[in-house]
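Counting in the numbering used here, the sequence shown runs from 61 upward without gaps. Single-structure report; data block below.
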Amino acid sequence: MTNGAKIGIGVTFVFLAAAAVRVGLIYRANHADDNVTTARGNDSPTNMKVDPDDNVFLKKEHPDSIADEKALVGTTVWVSAGGQVYYYKDSGKHVDYAHPVGLLLQNQPMLIKEVFEQSAPKSGNAVFRIAAGKRQVLLGFTMPGSADPKAVYATPVGNFDGGYNLYNDDIFFYDDPHKLFDYWGPKVWAAIDKHEPQVGMSERQVMMCVGQVQTPHGGTYGNRTITYDNSGHPLTIDFENNKAIKITPGE
Numbered sequence: 061m062t063n064g065a066k067i068g069i070g071v072t073f074v075f076l077a078a079a080a081v082r083v084g085l086i087y088r089a090n091h092a093d094d095n096v097t098t099a100r101g102n103d104s105p106t107n108m109k110v111d112p113d114d115n116v117f118l119k120k121e122h123p124d125s126i127a128d129e130k131a132l133v134g135t136t137v138w139v140s141a142g143g144q145v146y147y148y149k150d151s152g153k154h155v156d157y158a159h160p161v162g163l164l165l166q167n168q169p170m171l172i173k174e175v176f177e178q179s180a181p182k183s184g185n186a187v188f189r190i191a192a193g194k195r196q197v198l199l200g201f202t203m204p205g206s207a208d209p210k211a212v213y214a215t216p217v218g219n220f221d222g223g224y225n226l227y228n229d230d231i232f233f234y235d236d237p238h239k240l241f242d243y244w245g246p247k248v249w250a251a252i253d254k255h256e257p258q259v260g261m262s263e264r265q266v267m268m269c270v271g272q273v274q275t276p277h278g279g280t281y282g283n284r285t286i287t288y289d290n291s292g293h294p295l296t297i298d299f300e301n302n303k304a305i306k307i308t309p310g311e
């Protein structure tokens, strides 16, 4: 593992969304780069209220080898980059890139089963977020609590291209977000688990509902309108004083 922080997935070639779309790795920015002010727009530190979310410690592993990936086997991770990475059926350390199952949803628990490498096509869903390189690195996993908890899937987490480029830290939580943000309370978490944003939620809570692909429409953090991709089911949400005041589907 490297000592320095791995460059965030939102800064590299991995996230190729249009410039207008903000892929909001706010958690990562806050804790990896001490960049709270940037994440909140133009607010100066002296004018900012302390948000308890900013004090939540998010573990990082800084993987840079296959051995680091194999260390995850037998552990559970949770998706933090919701709506951004495709997953596939795992047919014995092999996937059919032409037929993704779907996009990983925010906070989805994943029990890691295996690690493998596979050549990926140079275009299409396979490289929607993670470049093909010479070959991609994939994690095989099951989904505890799903309709078929024994089904094995796989998702790319990086590639090999003369060296390993691995993005686990930007794709996953290593600790259960329900525990990391337990002070949000059961009502908020019940809505998050259903991926249903509610009036009164903060920007961060909404992002935990519907994923991080978003297009802000001016304003500053907590006082603006944002359109969330929501895995292809867009929602436009107005925020005031960091509380959702209006939710409009399909815009």
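Cβ coordinates follow ideal geometry from the N, Cα and C atoms, glycine included.
Item, Value
"Residues near Lys-306 by beta carbon distance below 8 Å, same chain, minus five either side", "Val-259, Ile-297, Asp-298"
"Beta-carbon separation (whole angstroms), Val-217 vs Tyr-227, contact threshold 8 Å", "6 Å"
"Euclidean distance between Cα positions of Arg-264 and Lys-119", "18 Å"
"DSSP three-state assignment for Leu-171, whether helix, strand or coil", "strand"
"Spatial distance of Ser-262 from His-293 (CA atoms)", "20 Å"
"Residues of its chain near Asn-290, where Cβ-Cβ distance is below 6 Å and the 5 sequence neighbours each way are ignored", "Val-270"
"Contact check, Ser-140 vs Phe-233, beta carbons under 7 Å", "yes"
"Under 7 Å between C-beta atoms of Glu-129 and Val-187", "no"
"Sequence-distant residues of its chain with Cβ nearer than 6 Å to Pro-246 (five each side left out)", "none"
"The segment 177-192 contacting the segment 109-117, beta-carbon criterion three pairs below 8 Å", "no"
"Host alpha helix (DSSP H) of Glu-263 (start-end)", "263-270"
"Range covered by the alpha helix (DSSP H) that runs through Leu-240", "237-240"
"Separation of Thr-135 from Lys-153, as counted between CA atoms", "18 Å"
"Straight-line Cα distance separating Lys-194 from Ser-179", "7 Å"
"Top-ranked residue by Cα proximity to Val-266, from Ile-252, Pro-276, His-277, Gly-143", "Ile-252"
"Spatial distance of Val-133 from Lys-210 (CA atoms)", "15 Å"
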